[in-house]
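Undergrad: My structure is below; once you've seen it, I'll send some questions.
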Amino acid sequence: MSNPEDYHVGWICALHTEYVAARAMLDDRHDELDYISIHDDNHYTLGRIGKHNVVIAVMPDGEYGTATAAGVAKDMLHSFPNVRIGLMVGIGGGAPSKKNDIRLGDIVVSAPRDGLGGVFQYDFGKTIQGKTFQTTRFLNQPPASIRGALNGLRAQHDEDGHRIEVTIDEAFKNKPNLRERYQRRGASNDMLYQSSFVHPDPEELCAEICATSSSMLVQRLERTDISKIHYGLIASANQLMKNAEVRDRLAAEKNVLCFEMEAAGLMNHFPCLVVRGICDYSDTHKNKEWQGYAAMTAAAYAKDLLLQIPQKRVEAEKKISEVVSEVNRNVLEVKTVVGHLQTDHHLDKVKQWLSSPDPSINLNKALGQRHEGSGQWLLVSKAYSAWKAERNSFMWLNGIPGCGKTILSSTVIKDLESTKSSQSTLYFYFDFTDTAKQSLDGALRSLINQLSHKNPDTWECLNRLYSSCKNGWEQPNTQSLAKTFQDMIQQAGETWIVLDALDECPNREESSDGGFLSWIKRLQDPELNVHTLVTSRPEQDITSAFTRWIQNAKIISLQSNEVNDDIHKEGL
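Numbering (my numbering), first residue to last: 528 to 1099.
Pasting the structure below:
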């Protein structure tokens, strides 16, 4: 019995006719495998071409298209794990043009052109309806040993001509029963009709009802060569191409030479060379008369190519299963990177939409005016330590203009950011010189922006707000911003908020839903764990509100000796 690990060349066929032609090219037949997985539906023929052990597989009868091709390739690689080079060989529809004189019985070999892979998949439905072509994927290139042998064979053909007919004749001598069905048809049976001429009746043979329409034939010069070999792009879709006008457009726009239905299914499963014998012109005048000979020409070319490749070169190639695994890993890595880029791009778009004021400008200005050691009296005080330690705590630092409130705010922020609380330290400076920093709306936008940046777990809350505003086409109201920020705090957990110069916020009424004092009061919700520190002048409304909410121990009037010492240090 044959050993599946001895086979390094995988050859896939879609049709019975292609399978017969491929088997006819074997120099020797090998015994069948003793065991094949019950989940492997392929039928295999094993044999030798030159010094290469070849496994040939055919799709299940009546099943065509990209999905079936993918399944055949997967099963083959599972049953024959050492396959290192792949071939997809069979028939296809030609795309003749003034540039490419393609005729029935010619051979098209997939080869990269103009930066495109040798085979590309296109969206057939959009092609027909939208009059345009959408390229969706490209076939992975075959191994270097095949590409090298392909160039060598081309050079040999240019110098001495090809041996396709010789190879086919040798196959007929070994299998004489094939000659009648698989031999070449006469040139009189090779008719190319004008693209606008549609086959009148699907029930009637083209030779009977179209052959008399000689005025609709494309006039072509006689050929000296029986068959020619063309190298270039093969178009693959999951439906049969039988529209001459669409064929011509793809040939003109992409320089396509051939159409077929299976190769696109191999793109991520079976890097291979695709070889197609031309059996029709991808139009409504399709018939099966040339299929046998076209299958033989493609198989003969594949055999001649294999004979160009040294056995050692094949054995040196990576296993196709390893190549596929590597490609899939790379695709996953690319998708991951792209996903991150898309996320970053979306995040930037949301941040731009949020349009939040930047309080770091005020912080940096205050830090530039602060002397080392300033505000240490506050950081070592019992009140400050309790504010940091107690759950849902509140502190109010108040004083007249110029008493150092902003310097103290900056000192507190730097202290918080230097400890474990840095990931949830938020701050905002009200500023009478900047209208964007004089409202609850502006403060909320800034705090939301900071928290989403520092704690990625809160990003989804902001994204929901963005989506609710028609993905950025509308702006949120203050109530929506407040609700989003509260949701973010609940997601983030313990949070520290420093608000400087509250007296410079004109809309701070405690009774108003949109007022800042009302919002600060709502932050004292027992379900939250927010440490809030506010500085301001002792304005009547602020004093009245805060004295009702908090203990006197958490209200510090900045008129003490420690503050005076700080002011003296700063020269204020």
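Backbone N, C-alpha and C fix where the C-beta goes; we use that ideal spot for every residue, glycine too.
1) Could you check the C-alpha separation between E816 and M823 for me, to the nearest Å?
2) Where does H872 land, buried or exposed, given buried means 16+ other C-beta within 10 angstroms?
3) Closest to A825 by CA distance: which of V599, I805, K813 and E842 is it?
4) Note the first and the last residue of the continuous alpha helix (DSSP H) segment covering D775.
5) I'd like the list of long-range same chain contacts for K769, defined as Cβ closer than 7 angstroms, with 5 residues on each side in sequence excluded.
6) Rounded to whole angstroms, what is the Cα-Cα separation between H689 and Q683?
7) In its own chain, which residues sit with a C-beta less than 8 angstroms from the C-beta of D958, not counting the 5 before and 5 after it?
8) In chain order, what residues of the same chain have a beta carbon less than 8 angstroms from the beta carbon of G962, not counting five sequence neighbours either side?
9) Check whether the stretch 931 to 947 touches the stretch 1000 to 1007, counting contact only when three or more Cβ pairs, one atom from each stretch, lie closer than 8 angstroms.
10) Near T593, what residues of its chain come up, given a Cβ to Cβ distance below 6 angstroms and the 5 sequence neighbours on each side ignored?
11) Unbroken beta strand (DSSP E) runs of length 3 or more, entirely within the stretch 983 to 1038: which are they?
12) Suppose contacts are defined by Cβ-Cβ distances below 8 angstroms. Is G577 in contact with E787 by that definition?
13) What is the DSSP secondary structure of A548, reduced to helix, strand or coil?
14) In whole angstroms, give me the CA-to-CA distance for S564 and A584.
15) Nearest-angstrom Cα distance between S882 and L874?
16) CA-CA distance, I1077 and K909?
17) Per DSSP, which one or two residues make a beta bridge with M922?
18) Buried or exposed for E842, please, with buried defined as at least 16 other CB atoms from any protein chain shown within 10 angstroms of its CB.
19) State the start and end residues of the unbroken alpha helix (DSSP H) segment that holds F724.
20) Could you give the C-beta distance for E844 and P670, rounded to a whole number, given that I count them as a contact under 8 angstroms?
21) Measuring only the C-alpha atoms, how far is V745 from I695?
22) L943 to H1058, Cα distance in whole Å?
23) Ends of the beta strand (DSSP E) at N580?
24) Could you check how far apart the C-beta atoms of M603 and T595 are, in whole angstroms? I think they sit under 8 angstroms.
25) Which residues share a DSSP beta bridge with C540?
26) Alpha carbons only, please: which of I612, W1000, V1061 and Q896 is nearest the one belonging to K1114?
27) CA-CA distance, D1103 and S715?
28) Straight-line CA distance for P1053 to G999?
29) Around the Cβ of L748, are there at least 16 other Cβ atoms within 10 angstroms (buried) or fewer (exposed)?
30) Would you report the Cα separation of T938 and L1060, rounded to the nearest angstrom?
31) By the DSSP assignment, the beta strand (DSSP E) with I756 in it spans what residues?
32) To the nearest angstrom, report how far apart V864 and K981 are at their CA atoms.
33) Check the DSSP bridge columns for S1084 and list the partner residues they point to.
34) Compare the Cα-Cα distances from Y820 to each of V599, D633 and P531 and report the closest residue.
35) Give the straight-line distance between the Cα atoms of P886 and K1048, rounded to the nearest whole angstrom.
36) Mapping the DSSP letters down to three states, classify H535 as helix, strand or coil.
TA: On the basis of the data shown:
1) 13 angstroms
2) exposed
3) Of V599, I805, K813 and E842, the residue nearest in Cα terms is I805.
4) A771 to K781
5) S809, D810, T811 and K813
6) Rounded to the nearest whole angstrom, the CA to CA distance from H689 to Q683 is 8 angstroms.
7) Excluding residues up to 5 positions away in sequence, N889, K964, Q965, A1028 and E1031 lie with their Cβ nearer than 8 angstroms to the Cβ of D958 in the same chain.
8) According to the sequence shown, residue 962 is Thr rather than Gly. Taken in chain order, the list of residues that qualify is empty.
9) By the criterion of at least three beta-carbon pairs nearer than 8 angstroms, the stretch 931 to 947 is not in contact with the stretch 1000 to 1007.
10) Contacts found: N765, A791 and G792.
11) 1022 to 1027
12) No; because the gap between Cβ atoms is not below 8 angstroms, this pair is not in contact.
13) Helix at A548.
14) 14 angstroms
15) 12 angstroms
16) 16 angstroms
17) L1060
18) Under this definition E842 is an exposed residue.
19) Run containing F724: none; DSSP gives neither H nor E here.
20) With a contact defined as Cβ atoms closer than 8 angstroms, E844 and P670 qualify at about 5 angstroms.
21) 29 angstroms
22) Straight-line measurement puts the Cα of H1058 at about 11 angstroms from the Cα of L943.
23) Taken as a continuous stretch (DSSP letters only), the beta strand (DSSP E) holding N580 covers H579 to V585.
24) Actually they are not in contact, since the Cβ atoms of M603 and T595 sit about 13 angstroms apart, beyond 8 angstroms.
25) V585, per the DSSP bridge assignment.
26) With the chain covering 528 to 1099 only, the question about residue 1114 has no answer from this structure.
27) No information on residue 1103 is available, as it lies outside the stretch 528 to 1099 that the chain covers here.
28) Going from the Cα of P1053 to the Cα of G999 covers about 33 angstroms.
29) exposed
30) Each residue's Cα considered, the two are about 12 angstroms apart.
31) I756 to S763
32) The predicted model places V864 with a pLDDT of 46, which falls under 50 and marks its position as unreliable; any figure quoted below should be read in that light. Those two C-alpha atoms are separated by around 22 angstroms.
33) N925
34) It is D633.
35) Their Cα atoms are separated by approximately 22 angstroms.
36) coil
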